[in-house]
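Residue numbers (this note's numbering): 2 to 110. Built from N, CA and C at the ideal position, the CB exists for glycine as well.
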């Protein structure tokens with residue numbers, strides 16, 4: 002499945018980290034709506050939940066939970082915040098000759 006097809010199923014209110022499966026480089030976004038269309042043609046390789054770096058000004062709920070107050074001095078500081086991690090690849094995952102992604106995904110339900 003390509004990311005462009007999957008995008009509509011991602012929460013609109015959670016932070017998102019897009020990770021490249023080939024290079025393991027990643028880009029973080031406050032909302033799925035901020036993720037550029039350049040990723041839409043890549044294949045979905047995996048999805049999970051992690052903590053990743055976000056500017057304090059974009060993670061105010063976590064900041065206040067840790068006792069941070071947003072000031073001019075700390076506005077650009079980094080905080081670790083929960084987000085949805087989406088791993089994308091230039092090539093589709095190989096599930097083997099006898100199984101498809103759907104078979105694997107729904108075998109746990």
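Using the Cβ count rule (16 or more neighbours within 10 Å means buried), how would you classify residue i?
i: residue 16; result: buried
i: residue 25; result: exposed
i: residue 10; result: exposed
i: residue 95; result: exposed
i: residue 12; result: exposed
i: residue 80; result: buried
Who are the near neighbours of residue i in its chain, counting only those whose CB is closer than 7 Å to its CB and skipping five residues on each side?
i: residue 49; result: 86
i: residue 54; result: 29, 79, 81
i: residue 56; result: 77, 79
According to DSSP, is residue i helix, strand or coil?
i: residue 52; result: strand
i: residue 59; result: helix
i: residue 18; result: strand
i: residue 11; result: coil
i: residue 26; result: coil
So residue i packs on residue j, CB below 8 Å; how close in whole Å?
i: residue 91; j: residue 45; result: Residue 91 to residue 45, Cβ: 12 Å. No contact.
Considering only residues of the same chain and omitting the five flanking positions on each side of residue i, which have a CB-CB separation below 6 Å?
i: residue 88; result: 20, 22, 46, 47
i: residue 41; result: 4, 5
i: residue 93; result: 44
State whether the stretch 69-78 contacts the stretch 35-44, with contact taken as three or more CB pairs (one from each stretch) at a distance under 8 Å.
The stretch 69-78 vs the stretch 35-44: no contact.
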